[in-house]
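Student:
Numbering (the numbering used here), first residue to last: 21 to 532.
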């Protein structure tokens with residue numbers, strides 16, 4: 021149960037909660053923006069200028085840190101029932117309205133020294149920043165505004181079961197130092213530290229409000245290089261979180277007053293009240309972070325990231341959990357975000373390996389999800405039918421794969437025939453249709469079994485994620501223990517939960 025709680029914490033895959041927001045390891049250890057140099061700087065005499073200028077070899081530029089994103093969408097929550105196929109909802113079905121905003125802003129000062137006739141510049145900067153995020157989930161527009169709390173019994177009665185609010189406040193600081201070669205190349209080392217407080221509220225019934233209070237801190241030390249249109253980032257990450265969850269009786273005379281004290285930053289009243297504590301715990305994480313960005317900043321781009329973490333439950337069993345997070349998302353004002361996320365969790369104590377996939381598209385809906393997750397499923401051999409209506413509506417689709425570690429080890433004992441694999445690559449028009457590429461893919465797969473003491477199940481899983489066609493051809497080897505489930509929420513269709521594969525179910529058609 022504790023392991024399941026961890027999964028729900030990081031992936032929000034709980035069908036009993038009406039929340040589609042997901043906080044992946046990448047989201048938890050990355051800022052919305054990065055420091056950038058403004059076209060304002062002081063020279064040694066304190067004079068302000070708009071450009072570096074050829075007359076001053078040492079200047080003190082002003083740095084900024086700023087970002088803002090927002091999402092507004094609607095979806096049909098699970099309370100209206102679950103189906104195992106696409107069923108278009110009728111006009112009587114109520115939709116959950118979601119509004120999200122997140123903003124970061126900061127300003128700092130740096131120092132820059134010209135080298136090599138001004139073409140090469142050494143720079144350093146210290147940039148503090150503040151941030152906040154808000155999310156509201158309602159069935160109808162609240163009378164007191166989208167972000168209001170139920171601070172009286174009358175306002176509590178206005179809230180409907182399933183509605184909720186999330187609030188976050190955080191701050192941090194980044195120190196960076198490096199060299200720049202005009203606009204062609206930057207190479208920097210940096211250190212970022214951040215602390216965050218978050219409050220999550222959800223109405224569970226006419227009486228009870230679930231309250232989650234969370235504090236987390238993280239530090240990241242790394243290096244980034246490349247021009248603005250192609251940057252590469254690699255860092256070491258240390259992360260610590262502490263969360264407490266309560267059930268507060270809002271029909272009690274002191275219920276709204278306790279909520280007021282929480283909003284003011286005081287937890288003493290809540291802890292001293294009769295509110296029942298559901299759960300609490302703290303975890304420490306260590307790992308690596310890497311990302312690459314290609315595109316035109318703020319206009320059109322795409323980010324690929326990888327976060328690998330190992331965690332320890334500080335307060336309880338000291339259970340080690342190994343997590344790998346792969347994430348792709350679009351950036352810029354002319355591209356839809358359309359995140360595609362893979363999270364792999366390995367629990368050594370239970371020897372269980374769980375794959376969690378998320379594909380979400382707010383603006384392109386079914387089209388975006390079908391293009392990302394649908395294509396991946398198709399290459400694995402799962403021929404999932406997609407509806408033709410509602411292509412522009414919001415959609416959130418998720419996959420869950422789980423099996424025992426012994427099944428993964430069994431999988432490593434097998435490898436498809438080169439000719440068969442290459443032919444399937446030709447069918448799907450993949451780069452492995454070339455003989456050399458197909459041979460290298462299978463050779464690397466076979467080398468994973470010879471890692472010895474360095475064997476890491478999540479790295480094997482990562483290779484399978486990047487090669488779904490190979491994974492699909494091997495799936496029938498572990499069909500006795502594999503479980504695969506597809507879950508989808510959308511603006512037009514009823515919530516769907518479809519069993520793709522369970523023990524005893526035959527393999528996908530093209531694998532047989």
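We put the CB at the ideal spot given by N, CA and C, even for glycine.
Nothing here was measured: the structure is a model prediction, and the numbers come from that model.
1) Using alpha carbons as the reference points, say which of 44, 193 and 157 lies closest to residue 55.
2) Which runs of the alpha helix (DSSP H), 4 residues or longer, sit entirely within the stretch 354 to 417?
3) Can you give me the start and stop residues for the beta strand (DSSP E) that residue 469 sits inside?
4) Going by C-alpha to C-alpha distance, which of 159, 343 and 234 sits closest to residue 285?
5) Under three-state DSSP, which class holds residue 274?
6) With which residues is residue 207 paired in a DSSP beta bridge?
7) Quick check: residue 421 and residue 374, are their CB atoms within less than 9 angstroms of each other?
8) Who are the Cβ neighbours of residue 521 in its own chain at under 6 angstroms, not counting the five residues just before and after it?
9) Are the stretch 184 to 193 and the stretch 214 to 231 touching, with three or more C-beta to C-beta distances below 8 angstroms?
10) Would you call residue 21 buried or exposed, if buried means 16 or more other Cβ atoms sit within 10 Å of its Cβ?
11) On the three-pair Cβ rule with 8 angstroms, is the stretch 202 to 218 touching the stretch 158 to 173?
12) Thinking C-alpha only, which one of 395, 277, 191 and 330 is nearest residue 292?
13) Grouping DSSP H, G and I as helix and E and B as strand, with all else coil, what is residue 544?
14) Tell me which residue opens and which closes the alpha helix (DSSP H) that residue 45 is part of.
15) Taking DSSP as the reference, what is the three-state secondary structure of residue 218?
16) I need the boundaries of the alpha helix (DSSP H) containing residue 441, first residue and last residue.
17) Within the same chain, show all residues whose beta-carbon is closer than 7 angstroms to that of residue 114, passing over the 5 residues directly before and after it, in chain order.
18) In its own chain, which residues sit with a C-beta less than 6 angstroms from the C-beta of residue 270, not counting the 5 before and 5 after it?
19) Classify residue 273: buried if its beta carbon has 16 or more other beta carbons within 10 angstroms, exposed otherwise.
20) Using only CA atoms, which one of 510, 517 and 434 lies nearest to residue 492?
21) If I'm right that residue 143 touches residue 122 with Cβ under 8 angstroms, what's the distance once you round it to whole angstroms?
22) Do you know how far the Cα of residue 147 is from the Cα of residue 85?
23) Within the same chain, show all residues whose beta-carbon is closer than 6 angstroms to that of residue 342, passing over the 5 residues directly before and after it, in chain order.
24) For residue 80 and residue 93, I'd like the C-alpha separation in whole angstroms.
25) Under DSSP, the beta strand (DSSP E) around residue 521 begins and ends at which residues?
26) Run through the stretch 115 to 141 for me and flag every whole beta strand (DSSP E) of 3 or more residues, listed as ranges in chain order.
27) Could you check where the beta strand (DSSP E) with residue 173 kicks off and where it finishes?
28) According to DSSP, simplified to helix, strand and coil, what is residue 283?
29) Could you give the distance in angstroms between the alpha-carbon of residue 152 and the alpha-carbon of residue 124?
30) Going by alpha carbons, who is nearest to residue 155 out of 249, 118, 268 and 427?
31) Let me know the secondary structure DSSP gives residue 4 once reduced to three states.
32) Hey, residue 63 and residue 69 are a contact pair by Cβ (cut 8 angstroms); roughly how many whole angstroms apart?
33) Is the separation between the beta-carbon of residue 218 and that of residue 240 shorter than 9 angstroms?
34) Go to residue 426, then tell me how far its alpha helix (DSSP H) extends in each direction, as first and last residue.
35) Less than 8 angstroms between the CB atoms is what I'm expecting for residue 95 and residue 510, so what's the real figure, rounded?
36) Does the distance from the CB of residue 376 to the CB of residue 488 come in under 9 angstroms?
Tutor: Taking the definition as stated:
1) Of the candidates 44, 193 and 157, the one whose C-alpha sits nearest the C-alpha of residue 55 is 193.
2) Segments of the alpha helix (DSSP H) lying fully in the stretch 354 to 417: 385 to 389 and 395 to 400.
3) Neither: residue 469 is in no beta strand (DSSP E) and is coded neither H nor E.
4) Among 159, 343 and 234, the Cα nearest to that of residue 285 is on 234.
5) In the three-state scheme derived from DSSP, where H, G and I count as helix and E and B as strand, residue 274 is classed as coil.
6) Bridge partners of residue 207: 199 and 245.
7) Cβ atoms of residue 421 and residue 374: closer than 9 angstroms.
8) Taken in chain order, the residues that qualify are 502 and 504.
9) As far as the Cβ criterion goes, the stretch 184 to 193 touches the stretch 214 to 231, which means the pair count is three or higher.
10) Legend: pLDDT at residue 21 = 39, less than 50; position of this residue unreliable, no value from coordinates given.
11) At 8 angstroms Cβ cutoff, the stretches do not touch.
12) Minimum Cα distance to residue 292 is reached at 277.
13) Residue numbering for the chain in the displayed model covers 21 to 532; residue 544 lies beyond these limits and cannot be assessed.
14) Taken as a continuous stretch (DSSP letters only), the alpha helix (DSSP H) holding residue 45 covers 45 to 48.
15) Residue 218 falls in the strand class under three-state DSSP.
16) Residue 441 -> alpha helix (DSSP H) spans 438 to 447.
17) So the list reads 159, once near-sequence residues are dropped.
18) These residues qualify, in order along the chain: 176 and 229.
19) When all chains shown are included, residue 273 counts as exposed.
20) Of the listed residues, the one whose Cα sits closest to residue 492 is 434.
21) Residue 143 to residue 122, Cβ: 28 angstroms. No contact.
22) Their backbone Cα atoms lie some 7 angstroms apart in a straight line.
23) Contacts found: 330, 366 and 478.
24) Cα-Cα distance, rounded: 44 angstroms.
25) Run containing residue 521: 516 to 521, per the beta strand (DSSP E) assignment.
26) With a minimum length of 3 residues, the unbroken runs of beta strand (DSSP E) contained wholly in the stretch 115 to 141 fall at 116 to 135.
27) If you look at residue 173, you'll find it isn't in any beta strand (DSSP E); it sits in the alpha helix (DSSP H) that goes 173 to 178.
28) Looking at residue 283 - three-state DSSP - the assignment turns out to be helix.
29) For residue 152 and residue 124, the distance between alpha carbons rounds to 7 angstroms.
30) Between residue 155 and the set 249, 118, 268 and 427, the nearest pair of CA atoms involves 118.
31) One cannot answer for residue 4 here, as it falls past the ends of the chain, which runs 21 to 532.
32) Indeed they touch by this definition, with Cβ atoms about 7 angstroms apart.
33) Cβ distance not < 9 angstroms, so residue 218 and residue 240 don't count as in contact.
34) For residue 426, the enclosing alpha helix (DSSP H) begins and ends at 425 to 432.
35) That belief holds up - the Cβ atoms of residue 95 and residue 510 are roughly 6 angstroms apart, short of 8 angstroms.
36) Not a contact, by the Cβ cut-off of 9 angstroms.
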